Every structure is written in structure tokens, then in C-alpha cells.
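In the UniProt record's numbering, the protein residues as written are 1 to 103.
Take a look at the structure:
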């Protein structure tokens, strides 16, 4: 079985008895499980990083400005709150029959 073929395979917990800890007993199996776990973790991190890149692309920012992941989340939350507030003002003004504000 190739590592790429075995991605996202779930293994049952391996017992930690003395026989399973012997150096030669299941060394290839352990390596394969470790490779699969590492590959799954790499894919998970790539997915998370792709999400941050998508958010970063949507945020208004200055040219060349670098943002940490925490800053990206904070700016995204701030922008969502601002947009919700503008939407509420727009809808309230529309219901009152007033002139629509410029957005």
C-alpha cells in the first residue's frame, strides 16, 4: 500500500504491550502509520492556510502589508461587523422611506 493510497485511513489504537514495542515487530507498520498521519496533517494545514489566503485576498489592505493569521481573523471579524452595521442602517433607512445611503 502506497502512502498516498492510504491517506485518511483511520487506524484502531495500537496496544502498547511489551511485544508491540519490540524494535523489529511492526516497524514498517509504525512508519506507514506515521507517514499517513504526517500526510494528513500536511493536508489539514494546507487547507487552513488556503482559507487564510482566501480571507487575506478579501481584506482591504495596503500594498505589501503582511498580516499574521491572528490579524487576518481580527480584521475579518471587524469587517463583517462593519458590513452588518451598514446593512442594518441601510435596511432601517429603507423601511423608514428615507433616502438610501451611499455604500
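All C-beta atoms, glycine included, are put in the ideal place defined by N, C-alpha and C.
As the structure is a computational prediction, the values presented were derived from the model and not from experiment.
Span of the alpha helix (DSSP H), counted from its first residue to its last, around residue i
i: residue 95; result: 69-95
Simplified DSSP state of residue i, which is helix, strand or coil
i: residue 64; result: coil
i: residue 59; result: coil
i: residue 7; result: Unreliable positioning characterises residue 7 in this predicted model, as indicated by a pLDDT of 49, which lies under 50. A coordinate reading is not provided.
i: residue 47; result: helix
i: residue 54; result: helix
Same chain, Cβ closer than 8 Å to residue i, five either side skipped, listed in chain order
i: residue 67; result: 56, 59, 61, 75
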